[in-house]
Every structure is written in structure tokens, then in C-alpha cells.
Amino acid sequence: MAGTSQHGKAFIRPKKKAHLLIIEARFHDDLADALLDGATNALDEAGATYDVVTVPGSLEIPAVITFALDGMGEGGKDYDGFVALGTIIRGDTYHFDIVANESSRALMDLSVQEAIPIGNGILTTENDAQAWTRAKRTEGDKGGFAARAALTMIALKEQLGAQS
Ligand SMILES: Nc1c(NC[C@H](O)[C@H](O)[C@H](O)CO)[nH]c(=O)[nH]c1=O
Ligand SMILES: CC(=O)[C@@H](O)COP(=O)(O)O
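Okay, here's the thing in C-alpha cells:
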């Protein structure tokens, strides 16, 4: 797999003990386990805490972030950032493009418009083999990458964002 470097210098950790919400789509169950393993391992290693919410497919992920944002300050839990995990494997129809493009578009919209740290660990692959290479913690570890990206964005928000 091209680009298997761990991108060490790209990642930083927040000063605060961060609490994140992982939203995992389990459309492909075994792959979901692998992505979650990578993400939780990266967060544990960084001393961060997290909750996990499961949804049927990747298209449901962005709305869950909206639900959590709505709940924050209204009796719900506070989250410093979010990790989106899922796998979208191309089938025979246009559905792949809808799920892949729209889930990512909504995550980007939320991240930029609401200024929230999100790590996008939604795989979009041509086949199972590509997905496994990327999902396994011992190989591509895209779940871990998304978690470390979310932590990095929390740290950058700490440095650059509005001081509360
Ligand atoms: N085909 C894949 C999906 N499709 C399901 C949608 O995400 C969604 O759950 C459904 O349209 C109901 O709203 N989801 C994936 O995560 N991966 C796929 O390969
Ligand atoms: C995301 C997909 O493409 C897939 O699971 C749906 O497959 P198909 O396009 O063959 O219905």
C-alpha cells in the first residue's frame, strides 16, 4: 500500500485531557472492528477518553455529530472532537458515490462551519482487499490515523481558537 508512513510529525496532542465521540458505521462489520481497534488504541495511547456510538451506515455519521452538538450545553455530554469510522466499498451502482461523497461532504461542512475537530476515518475502496489493508491496525491503521488527526485538530483549536 502506498503511503504507509505513520506521518509522525503531522500529529500533535492537546494539552487538555480530551474527550471524544467515535461514531462507527457497521455496514461492514469485521472492518468496523478493525477500524475501531485502531482508533481506540490511538486514543488510549494519548490518554484521551471517548464514547462510542454505532450507526448502520456511513451516511448516518454526520447527523449523529449534529445530535451531539445540539446536546452539548443542554444536558448532553461535552465532546472536544469526533472520530468518524466506516467503510464504503464500491458496488455495481451509483450508490457508492452518494455514500462516499455525501458523508465526507457533510463532515467537512460540519468541521468548517461549526469549527469542530473531526477525524475522517471513512474508507472508500474498490474492493475488500483494499479496505482490509487500510483498516488493520498492523497495516494502514486508518482508524488510528483519524483518531490522531482529531487529537491534532483539538490541539490546534486550543492554540488558535476562541479562548473560553
Ligand atoms: N453501501 C454502504 C453503505 N450504505 C448505507 C448508507 O450509509 C445508509 O446507511 C443507508 O442508505 C440508510 O440511510 N454504508 C456504508 O457505510 N458502507 C457502504 O458500503
Ligand atoms: C456502497 C455501495 O456501493 C454498495 O454497498 C451498494 O452496492 P450496489 O451499488 O451494488 O447496490
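Per my numbering, the very first residue in the sequence shown carries number 2; after that it's consecutive.
All residues carry an ideal CB built from backbone N, CA and C; glycine is no exception.
In this text, all values refer to a predicted model and were calculated from it rather than measured experimentally.
_Reference residue 136; option with closest CA among 102, 103 and 37_ = 37
*For the alpha helix (DSSP H) that residue 79 lies in, which residues bound it at each end?*
Here residue 79 belongs to no alpha helix (DSSP H), and DSSP marks it neither H nor E.
*Can you give, in chain order, each stretch of the alpha helix (DSSP H) that sits fully within the region 45-125 and has at least 4 residues?*
62-72 and 96-115
*asked:* So the candidates are 46, 68 and 82; which of them puts its Cα closest to the Cα of residue 1?
replied: This structure gives no information on residue 1, because the portion of the chain shown stretches from 2 to 165.
*Excluding the 5 residues preceding and the 5 following residue 143 in the sequence, name in chain order all residues of the same chain whose CB lies nearer than 8 Å to its CB.*
36, 39, 122, 124, 135 and 136
_Using a Cβ-based criterion (distance less than 8 Å to any ligand heavy atom), does residue 56 qualify as near ligand 2?_
no
_Does the beta-carbon of residue 77, which I'm using as the reference point, lie nearer than 8 Å to any heavy atom of ligand 1?_
no
*Three-state class that DSSP yields for residue 25 in the structure shown*: strand
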